[in-house]
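Below you'll find the structure, written out as structure tokens, and then a few comments.
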Amino acid sequence: MSRELAKTYDPREVEDRIYDFWLSGDLFHAERDPEKKPYTIVMPPPNITGQLHMGHALDCTLQDILIRYRRMQGYCALWLPGTDHASIATEAKIVEAMRKEGLTKEGIGREAFLKRAWEWREKYGRRIVEQQKKLGSSCDWERERFTLDEGCSKAVREVFVSLYEKGLIYRGERIINWCPHCKTSISDAEVEFSERDGFFWHIRYPFKDGSGYIQLATTRPETMLGDTAVAVHPEDERYQNLVGKTLILPIVNREIPLIADEYVERDFGTGVVKITPAHDPNDFEVGLRHGLEVINVMDESGNINENGGAYAGMTGADARKKIVKDLEAGGFLIKVEPIKHNVGACYRCGTAVEPRVSKQWFVKMKPLAEPAITEVQDGKVRFIPDRFSKIYYNWMENIKDWCISRQLWWGHRIPAWYCEDCGETIVSREEPHVCPKCGSKKLKQDPDTLDTWFSSALWPFSTLGWPDKTPDLGYFYPTDTLVTAYDIIFFWVARMIFSGIEQTDEVPFHNVLMHGLVRDAQGRKMSKSLGNGIDPLQEIDKYGADALRFTLATGNSPGNDMRYSQDKVEASRNFANKIWNAARFILMNLEGKDVPGTLPEDLTLEDKWIVDSFNRVAGEVTENLDKFELGIAVQKLYDFLWDQFCDWYIEISKIRLNSGDEQAAQTARRVLVWVMSGTLKLLHPFMPFITEEIWQTLPHEGQSIMTSQWPEKQESLRFPEAAREMGKIMEAVRAVRNRRAEMNVPPSRRTHLSVDTASPETFREGAAILERLAYANRVEIGTDLNVTDAVTIVTPDAKVLIPMDDLVDREAEKARLSKELESAQKQLVTAEAKLKNEKFISKAPENVVEGVRQNAAKLKDHIALIRSSLESLK
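Here the sequence shown is numbered in our numbering, starting from 3 and rising by one per residue.
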């Protein structure tokens, strides 16, 4: 590493070189060490469907901050990376790419399709990894995993078979959410609801005996083709004498019963509902209770199937139009009422889902959910912020059985085989060749694959070698912190918790840090449709990874969305430049000098103040990071480095560095190096590249800043008295500079300062500071000083007096103020004339009139100040 820093900071020149340095030193690898406490984060595996977006960048940044922090604290810190096969999303991308070639899945067959899928994974999986490296992610790349790799596949099969053997996985006909576009089942968590415009169609269902009709309303008239009953509440007096009668299903002319079931809400509408067991989950349960026939009237594309009679072959939308028309023609349609209602859509493609009876594989959730709720209640898993635990409880307490089979080819194939001779189902860890029931060799594997979340639910332990009892699993599991967005608490977080408890008897992690979404500067969600997405790689190329990371960490608070803007990232780049320039100043003063990186003993007042300030910040930042208050921590570092260290201490250090007193200069150099090195360490988790580059140029021990020791708050570094005394001097400097600014006195005009104070010793020690930073040519310090014709500046600990003639050329200043007074008075006359003009008051917009009033008030105040200044010059 170089001992010099370029004149300007160029992230493009520095970052790739630094990352290669880390990789070549094997610095990200976590080697099991019984002498060290482990700290583990498993990366939420990004999908191999595209490239890094700003949400990934935030996710990676927060995890890297935590892992670098713990690594520097001496933990054996493992950040385990990987990617997710993302079955439904990836398959959709590959199918779309094939469509452009004029190919289909069915046309090329399963084997050829899977070959393409693995090629896709190789291309896009590698791309994601390279992009993560650009961000500075300090993952243990030697342990990188993929949800479809051999080890994860072994874990998936073990879990499926063990749950099946315990009776917790079963296959059966149930109502599931069906996506007609993706042509697969999806779980409840994968359905997104949104309010849409719709209609209530009010329909008459006539009694078979001609005694009249019963009235009900539906939002989906096309499903009536599968109606097998009409239901009322058993205690609804309006219909009690009608229960048991037979109705004729309009336009279908099928006989269906009128039944009573407590599922019906008496007070909603007419208190009558149609029951379609094949196309509504609640109706399905009613059908089971009453032994109703289940008639599925839709195919996998959402079109009407052969059970739809005259409507067979139509799309759902076309069938709806035709059915409504036929109902009206038959006198069955009473009215159509416009409504707004929640409609569920596939979270991947946005297509409205169809509830549909289908034979699928399910996980029994109640036995798995109960211990997962208890462990969170007992504090074994902590949500940050805590409000997300309530969302978790609500979902887990009301959870339904999880449909885990998907009608896709890309993914973990379900380890179930069916005997073609006797129909036996064989679930096995290894592929069977003979039916255990009849001895037949005609076995066919289930064509379906498992829900992506089934394999990613095992991620915290499958990645460490489970189901084998590997050394890594024994050392690094349970993991410590999961960092993820709040929008996948159901998809992933909950499933990992119950899977970890069921398979390992331990929670998979202890803390869940929930972060929000990255929105644009206007607070809108980033999306392709709005065209407001920001590519993190382009931002890195323009501003550097450190600037992007700093922007994403600044103002970040757990669970809350954040806004991203160019102004913020430019401010972060400016901060990087500030650090760079401070380092260059320090290095310039180290040339030809032997400066140890330790603190000297002969500390001055300002030295003690900056050491005390650094010590306090080190303690606060450590506490903030322990509480996952990353945004607060980084703001404190920004304020300390920019304000206290750069704007104050570096400026003050120039006094001794240029004094000719070598001992005093050496003390200043040592303090500069010590504070700068410590601050770089505190800042390293947030801005790893620039801190490494600068740290390598300063006196240091060790190979890299990322393996150096984290600065801890120390009692021996506390100098509260010096901090208080220094505060008095700084207050005086600020007050003088503020008054000079008010009087438009340039820094080049140096003045005599008289400091009247009850703390003369403090101000004598800080006299050189006052002289340099308050632009003085001479400083007099005492008690009860008698200075006439002076501007007086009062602070809590001193009265600073500056001779008026030192500050201004009286005649020139009087002339300037007189001219300014004349101009302000003319403006006031004009404003008051407008306010006296009835036409202006009555015709001008209220905001314009109010603006003139406010301007007149400001002019009066300004005139009073000018007159006061002129009076003081007499």
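Glycine included, C-beta positions come from ideal geometry on N, C-alpha and C.
Quantities reported herein were computed from a predicted structural model and do not represent experimental measurements.
Keeping to the same chain, check which residues put their C-beta closer than 7 angstroms to that of residue i; ignore five residues upstream and five downstream.
i    : result
K836 : F842, V854
I707 : L682, K683, H686, T693, E694, W697
A59  : L137, P538, L550, L554
Q75  : W712
K135 : Y21
K446 : W419, Y420, E422
P598 : R672, P701
In or out: residue i buried (at least 16 other Cβ within 10 Å) or exposed?
i    : result
A555 : buried
E308 : exposed
C351 : exposed
D282 : buried
S4   : Note on S4: pLDDT 43, under 50, position unreliable in the model; no value is reported.
S407 : buried
N591 : buried
T376 : exposed
S820 : exposed
E17  : buried
G662 : exposed
C348 : buried
A734 : buried
G2   : In the structure displayed, the chain extends from 3 to 876; residue 2 sits before or after that span and is not available.
Q568 : exposed
F115 : buried
Can you tell me whether residue i is helix, strand or coil according to DSSP?
i    : result
C181 : strand
D199 : strand
S4   : Because S4 sits at a pLDDT of 43, beneath the cut-off of 50, its placement in the model cannot be relied upon, and the following sentence gives the value as read from the coordinates. The answer is coil: DSSP assigns S4 none of H, G, I, E or B.
C421 : strand
L452 : strand
N534 : coil
H864 : helix
I297 : coil
L445 : strand
D507 : coil
D758 : strand
E152 : helix
S391 : helix
A321 : helix
L888 : The question about residue 888 has no answer here: the residues shown for the chain are numbered 3 through 876.
T669 : helix
L29  : coil
I50  : coil
P223 : helix
V787 : Going by the sequence as given, residue 787 is Leu instead of Val. Correct three-state label for L787: coil.
Looking only at its own chain, which residues have a Cβ that is under 6 angstroms from the Cβ of residue i, when we skip the five neighbours before and after it?
i    : result
C78  : A32, D35, K38, P40
I401 : M367, A371
V158 : H414, S457
T764 : E727, K730
G2   : There is no way to answer for residue 2, as the model of the chain reaches only from 3 to 876.
Going along the chain, which residues of its own chain have a beta-carbon closer than 8 angstroms to the beta-carbon of residue i, five neighbours each way excluded?
i    : result
D614 : L719, R720, F721, P722, A724, A725
D142 : F30, H31, A32, L80, W81, L82, P83
M316 : N305, I306, G310, K324
E237 : R268
I believe residue i touches residue j by the beta-carbon criterion, under 8 angstroms. Please report the beta-carbon distance rounded to the nearest angstrom.
i    : j    : result
P182 : T451 : In fact, because the Cβ distance is near 19 angstroms, the residues do not count as touching under 8 angstroms.
S336 : H204 : In the sequence on display, residue 336 carries Ile and not Ser. The pair is a contact, with the Cβ atoms about 4 angstroms apart (cut-off 8 angstroms).
P1   : P480 : Shown here, the chain extends from 3 to 876; a query on residue 1 therefore has no answer.
V520 : M45  : Not confirmed; about 18 angstroms, so no contact.
I868 : A833 : 16 angstroms between Cβ atoms; not a contact.
H235 : A191 : About 31 angstroms separates the two Cβ atoms, so there is no contact after all.
I306 : A314 : 5 angstroms
F616 : G518 : Actually they are not in contact, since the Cβ atoms of F616 and G518 sit about 32 angstroms apart, beyond 8 angstroms.
R671 : K595 : 6 angstroms
Could you tell me whether any Cβ in chain B is nearer than 9 angstroms to the Cβ of residue i?
i    : result
D453 : No chain B appears in this structure, which consists of one protein chain only.
Under 8 angstroms: does the beta carbon of residue i sit that close to some heavy atom of the ligand PLP?
i    : result
I250 : Of ligands this structure carries none, so the ligand PLP is not represented either.
* Do three or more CB pairs link the stretch 266–279 to the stretch 222–234 at distances below 8 angstroms? -> yes
* Do three or more CB pairs link the stretch 143–150 to the stretch 83–100 at distances below 8 angstroms? -> yes
* Would you check if there are 3 or more beta carbon pairs closer than 8 angstroms linking the stretch 651–662 to the stretch 765–785? => yes
* Per the contact definition of three or more C-beta pairs closer than 8 angstroms, is the stretch 751–762 in contact with the stretch 797–804? -> yes
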